[in-house]
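Asker: Pasting a structure below so you can have a look.
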Amino acid sequence: MLPEDLDTIIDSLDTGVCVIDQGSRVVRINASLTRITGLASSLWLNKPVTDLYERGYFLHPSIAFKALRTRARERGIQETSRGRNVAASAKPVLEKGTRPRFVVLTALPASYAEGLGAFAAATDRANPSRADVFHPQGPTIETEDGIIAKSSKMREILAIARRVAGTDATVLLLGESGVGKDVVAKLIADYSTRSHCDFLKLDCNTLHQELVESELFGYVRGAFTGATSGGKPGIVESLHHGTLFVDEVGDLPLNVQGKFLRLLEEGRFRRIGGTRDIPADVRIVAATNRDLEKMVEDGLFRKDLYYRLKVVRIYIPPLRERKEDIVPLAEFYLNHFNRKYDSAKSLSEEVSGYLVTYPWPGNVRELIHLLEGIVVAFPEDTIRLTHVRSLEHQSPTDLPIEASRPSLQESIQGLEKTILMTAMREHGSARSTARNLGISHTAVLKKLKKYGLAE
Numbered sequence: 044m045l046p047e048d049l050d051t052i053i054d055s056l057d058t059g060v061c062v063i064d065q066g067s068r069v070v071r072i073n074a075s076l077t078r079i080t081g082l083a084s085s086l087w088l089n090k091p092v093t094d095l096y097e098r099g100y101f102l103h104p105s106i107a108f109k110a111l112r113t114r115a116r117e118r119g120i121q122e123t124s125r126g127r128n129v130a131a132s133a134k135p136v137l138e139k140g141t142r143p144r145f146v147v148l149t150a151l152p153a154s155y156a157e158g159l160g161a162f163a164a165a166t167d168r169a170n171p172s173r174a175d176v177f178h179p180q181g182p183t184i185e186t187e188d189g190i191i192a193k194s195s196k197m198r199e200i201l202a203i204a205r206r207v208a209g210t211d212a213t214v215l216l217l218g219e220s221g222v223g224k225d226v227v228a229k230l231i232a233d234y235s236t237r238s239h240c241d242f243l244k245l246d247c248n249t250l251h252q253e254l255v256e257s258e259l260f261g262y263v264r265g266a267f268t269g270a271t272s273g274g275k276p277g278i279v280e281s282l283h284h285g286t287l288f289v290d291e292v293g294d295l296p297l298n299v300q301g302k303f304l305r306l307l308e309e310g311r312f313r314r315i316g317g318t319r320d321i322p323a324d325v326r327i328v329a330a331t332n333r334d335l336e337k338m339v340e341d342g343l344f345r346k347d348l349y350y351r352l353k354v355v356r357i358y359i360p361p362l363r364e365r366k367e368d369i370v371p372l373a374e375f376y377l378n379h380f381n382r383k384y385d386s387a388k389s390l391s392e393e394v395s396g397y398l399v400t401y402p403w404p405g406n407v408r409e410l411i412h413l414l415e416g417i418v419v420a421f422p423e424d425t426i427r428l429t430h431v432r433s434l435e436h437q438s439p440t441d442l443p444i445e446a447s448r449p450s451l452q453e454s455i456q457g458l459e460k461t462i463l464m465t466a467m468r469e470h471g472s473a474r475s476t477a478r479n480l481g482i483s484h485t486a487v488l489k490k491l492k493k494y495g496l497a498e
């Protein structure tokens with residue numbers, strides 16, 4: 044086998060690989076390691092492996108360096124300055140059974156690593172202060188790249204996302220609020236050639252419309268009243284070579300859409316008040332829960348921008364259409380909140396069955412909020428159906444729910460209340476909630492008062 048054949052094999056692995064020599068210098072890494080850690084190859088190669096920790100790129104000392112000193116296999120969770128937890132294993136290759144010739148480190152995303160129990164145990168010993176490292180409890184949860192994906196629908200979506208990640212094609216993520224569009228967007232960034240660069244999210248729904256353009260493109264000195272004296276670069280300018288996730292792109296103001304289209308087509312833009320074009324090399328991933336085709340028909344969204352955005356469209360189905368994912372998701376987040384609040388709660392069989400049949404109008408986000416509420420609100424270790432229904436349908440003044448099935452009218456009202464609660468948590472105001480639910484502001488205010496949810 045030729046050396047270049049070996050290089051090809053190492054680079055084809057999904058597992059990150061790093062080799063350090065006797066002097067602790069990094070002599071070989073593969074592309075997967077830069078993707079998993081988010082750290083460029085230039086930060087690794089021909090530098091002491093301890094340099095990454097000393098310069099703050101890793102938050103804990105290198106286990107590869109530790110393996111070099113102990114001459115034994117070391118395992119642990121390595122957290123990067125970009126907020127990524129990496130499950131790593133370092134094994135020394137000994138020369139004549141005693142002296143390390145080199146150390147081979149392998150790495151996977153912590154939530155994706157197989158056999159996380161071993162990594163968690165090693166992490167407890169090495170980093171006892173790390174309370175938020177993933178420690179699985181109960182049955183193993185199937186994951187793909189840290190995303191809960193047991194259903195064939197989600198596995199197919201993740202496969203498509205990984206395939207398009209290697210290109211610079213614009214991606215449009217479609218789906219209801221709370222389905223996980225931001226998670227898929229991050230996956231695309233992590234699998235792209237830009238994985239070592241920054242990933243930023245711009246939520247057009249949370250910004251005042253007059254601020255969107257300045258946030259995106261920045262402004263020059265004196266561009267408007269209140270502008271800082273030296274001007275200010277925008278997200279696009281500061282994110283050169285990175286990935287920009289434009290969430291709720293349907294809320295992009297019409298007066299900004301033309302400028303955004305030019306960025307997509309020509310790779311350049313101007314600051315507000317500027318006269319000079321600025322080149323920008325930015326990958327765009329957009330997302331929306333709105334019907335952009337209908338918005339185009341109504342004159343609320345530019346047709347040319349819509350066609351430019353939908354080069355690759357990925358529809359993420361709501362949670363109710365991928366029931367296989369519900370219980371694994373619930374167990375995953377229940378474990379997370381058990382660790383966060385130092386509890387040991389588990390799902391009863393009746394609750395697991397109920398979660399699968401519930402329609403989840405707020406999708407994964409609603410499930411997460413429900414589980415956190417139960418962990419915090421109830422002392423019992425076993426989660427019962429009464430706990431779930433109490434948080435779903437009760438206001439603080441309601442009587443305890445009886446075991447009998449609620450009437451159709453009660454069920455409808457309970458579902459309406461849940462939708463309103465979820466939408467208000469997500470969008471923050473009655474006006475924004477009304478726009479996203481497709482009803483009038485007055486109607487939302489009346490319903491909030493009806494259910495005791497008034498702002």
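Numbering (the working numbering), first residue to last: 44 to 498. Glycine included, C-beta positions come from ideal geometry on N, C-alpha and C.
What does a CB cutoff of less than 8 Å around residue 431 pick up in its chain, not counting 5 residues either side in sequence?
Answerer: Correct list, in chain order: 394, 397, 398, 413 and 417.
Asker: Identify every run of the alpha helix (DSSP H) within the segment 59 to 98, keeping only runs that are complete inside it and at least 4 residues long; order them along the chain.
Answerer: Taking only runs of at least 4 residues, the alpha helix (DSSP H) segments lying wholly in the segment 59 to 98 are 74 to 80 and 94 to 97.
Asker: Return helix, strand or coil for residue 422, following the three-state DSSP convention.
Answerer: Note: residue 422 maps to coil in three-state DSSP.
Asker: Within the same chain, show all residues whose beta-carbon is closer than 6 Å to that of residue 328, passing over the 5 residues directly before and after it, in chain order.
Answerer: Answer for residue 328: 214, 228, 231 and 288, listed in chain order.
Asker: Output the distance between the C-alpha atoms of residue 255 and residue 346, rounded to the nearest integer angstrom.
Answerer: Spanning the two alpha carbons is a distance of roughly 20 Å.
Asker: Compute the beta-carbon to beta-carbon distance between residue 280 and residue 246, rounded to the nearest angstrom, for a pair I have assumed lies under 8 Å.
Answerer: Incorrect: roughly 19 Å between the Cβ atoms, too far for contact.
Asker: At 4 residues or longer, and completely inside the segment 314 to 389: list those alpha helix (DSSP H) runs for me, N to C.
Answerer: 335 to 340, 346 to 352 and 369 to 383, all fully within the segment 314 to 389.
Asker: Contact check, residue 69 vs residue 89 under 8 Å by CB: the rounded distance?
Answerer: Between residue 89 and residue 69 the Cβ distance is about 7 Å, and since that is below 8 Å, they are a contact.
Asker: Between which residues of its own chain and residue 241 is the CB-CB distance below 7 Å, once the five residues before and five after are set aside?
Answerer: Excluding positions up to five away in sequence, the list reads 282 and 285.
Asker: Would you tell me roughly how many angstroms separate the C-alpha atoms of residue 62 and residue 202, rounded to the nearest one?
Answerer: The straight-line gap from Cα to Cα measures roughly 29 Å.
Asker: Taking all protein chains shown into account, do 16 or more other C-beta atoms lie within 10 angstroms of the C-beta of residue 448, making it buried, or fewer, making it exposed?
Answerer: Confidence in residue 448 is poor, its pLDDT being 44 and thus under 50, which makes the residue's placement unreliable; the coordinate value appears in the next sentence. It is exposed - the Cβ of residue 448 has fewer than 16 other Cβ atoms within 10 Å.
Asker: In angstroms, rounded to a whole number, what distance separates the CA positions of residue 464 and residue 249?
Answerer: Each residue's Cα considered, the two are about 18 Å apart.
Asker: Bridge partners of residue 142, per DSSP?
Answerer: Residue 142 pairs with 138.
Asker: So residue 246 is in the alpha helix (DSSP H); what residue range does that whole segment cover?
Answerer: Run containing residue 246: none in the alpha helix (DSSP H); it sits in the beta strand (DSSP E), 242 to 246.
Asker: Return the bridge partner residues of residue 128 from the DSSP annotation.
Answerer: In DSSP, residue 128 forms a bridge with 122.
Asker: Tell me whether residue 337 is buried or exposed, calling it buried when 16 or more other Cβ atoms sit within 10 Å of its Cβ.
Answerer: So residue 337 counts as exposed.
Asker: Under three-state DSSP, which class holds residue 212?
Answerer: Three-state DSSP puts residue 212 in coil, outside helix and strand.
Asker: Below 6 Å, is the gap between the Cβ of residue 472 and the nearest heavy atom of the ligand HEM?
Answerer: The ligand HEM is not part of this structure, which contains no ligands at all.
Asker: With which residues is residue 494 paired in a DSSP beta bridge?
Answerer: Residue 494 is not bridged to any residue.
Asker: I need the straight-line Cα distance from residue 165 to residue 128, nearest angstrom please.
Answerer: Because residue 165 carries a pLDDT of 44, less than 50, the predicted location of this residue cannot be relied on, and no value is offered for it.
Asker: Consult DSSP for residue 233 and reduce its assignment to one of helix, strand or coil.
Answerer: Helix.
Asker: State the Cα-Cα distance for the pair residue 363 and residue 198, rounded to the nearest angstrom.
Answerer: Taking the straight line joining both Cα atoms gives about 16 Å.
Asker: To the nearest angstrom, how far is the alpha carbon of residue 384 from that of residue 425?
Answerer: If you take the alpha carbons of residue 384 and residue 425, they lie about 15 Å apart.
Asker: Run the CB neighbour count on residue 331, radius 10 Å, all protein chains shown included, and call it buried at 16 or more, exposed below.
Answerer: Flag for residue 331 reads buried.
Asker: Could you tell me the distance, in whole angstroms, from the CA atom of residue 392 to the CA atom of residue 423?
Answerer: Between residue 392 and residue 423, the C-alpha separation is close to 15 Å.
Asker: Count the CB pairs spanning the segment 144 to 153 and the segment 68 to 85 that are closer than 8 Å, and state whether there are at least three.
Answerer: Contact between the segment 144 to 153 and the segment 68 to 85 is present, because at least three Cβ pairs lie under 8 Å.
Asker: Do residue 367 and residue 224 count as a contact pair if the criterion is CB distance below 7 Å?
Answerer: It is not a contact, given that the beta carbons lie outside the stated cut-off.
Asker: Going by other Cβ atoms of all chains shown within 10 Å of its Cβ, with 16 needed for buried, is residue 259 buried or exposed?
Answerer: Burial call: buried.
Asker: By how many angstroms is the C-alpha of residue 324 removed from the C-alpha of residue 482?
Answerer: Between residue 482 and residue 324, the C-alpha separation is close to 39 Å.
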